[in-house]
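>
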Amino acid sequence: MTANSLELNPVATIQSPFKSRFGIPRQSGLVPDAIGWIEPHAPWHRAEAWAGIEQYTHLWLIWQVHDRPHQPVSSVRPPRLGGNARLGVFATRSPARPNPLGLSLVRLLAMEHQAGQVRIRVGGLDLLDGTPIIDIKPHIAFTDCPPNSHSGFAQNEPERLRVDWSMLPHDEALRLNDHQRLVITQTLSLDPRPAFHDDPERVYGCPLFEFDVQFRVENGTLFVLGLNPFP
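Below you can see the structure in the form of structure tokens.
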């Protein structure tokens, strides 16, 4: 480390149902049943590094934006604003940052201990499968949830689409378990399409679990059309 540079090494990797950038929620917690595992790297996989963490309900994950070239910009077009208005990068949570780091708040669901090693089950993910985790910190409610805070253009949760499964062939529907169907519904209700796309005939594919979920959107309803193998 020097005055002008800093080397960071991942402490863990995330296992997530999101297999592609397309469809990943734009914030953590929007898909509460998106559950995965934090897989710590040596030497942080030892139980002593995690002693006491079970006292907390939520964790902050600091992670590396690893799935795209690092191309920082000074302003971006937030999808929440329809892709039309520009804001400074520091007024958004865009991944196109000066340093390729992201921040997510997840629910701590369980700790698994085996042969003196630990892995951590978490929910509310918004991370790509395989994302490197740089650091993990406990959420502290009295300081992390300030009263009378304001969140700019993202003050309220985004509106959701109605998700209709009636067009999915029955034999394909049988390939889903209840949890997968719930996560897919929660994810697709957030409308993963690019902000400027509104063609009711266009079919999109959203990789989730081992499926490429085919869908289209018309008049505020998202129709699930098929489940292709992924990858």
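Per my numbering, the sequence shown starts with residue 1176, numbered consecutively.
Just so you know, even glycine gets a beta-carbon here, dropped at the ideal spot from N, CA and C.
Can you give the beta carbon distance from P1192 to W1238, rounded, assuming they're within the 8 Å contact cut?
In fact, because the Cβ distance is near 16 Å, the residues do not count as touching under 8 Å.
> When you compare each of H1354, L1205, G1401 and G1211 to P1333 by their alpha carbons, which one comes out closest?
Per the Cα distances, L1205.
> Note down, one range per segment and in chain order, each beta strand (DSSP E) of at least 3 residues found wholly within the region 1359-1398.
Taking only runs of at least 3 residues, the beta strand (DSSP E) segments lying wholly in the region 1359-1398 are 1379-1383 and 1386-1393.
> So what does DSSP say about A1290, is it helix, strand or coil?
Reduced to three states, the DSSP call for A1290 is coil.
> Look at the Cβ atom of R1272, then the Cβ atom of L1262, and state whether they are nearer than 9 Å.
For R1272 and L1262, no; Cβs fall outside 9 Å.
> Cα separation between L1365 and V1248?
Computed Cα separation, rounded: 26 Å.
> Mapping the DSSP letters down to three states, classify G1327 as helix, strand or coil.
Residue state, collapsed to three classes: helix.
> Alpha carbon to alpha carbon, how far is R1282 from R1296?
Cα-Cα distance, rounded: 9 Å.
> Please classify P1322: is it buried, with 16 or more other beta-carbons within 10 angstroms of its beta-carbon, or exposed?
Exposed, since its Cβ has fewer than 16 Cβ neighbours within 10 Å.
> Please report the residue range of the beta strand (DSSP E) in which T1188 lies.
Start and end: A1187 to Q1190.
> Is it the case that the region 1381-1397 contacts the region 1331-1345, given that we only count it when at least three CB pairs across the two stretches are under 8 Å?
Counting Cβ pairs under 8 Å, three or more are found: they touch.
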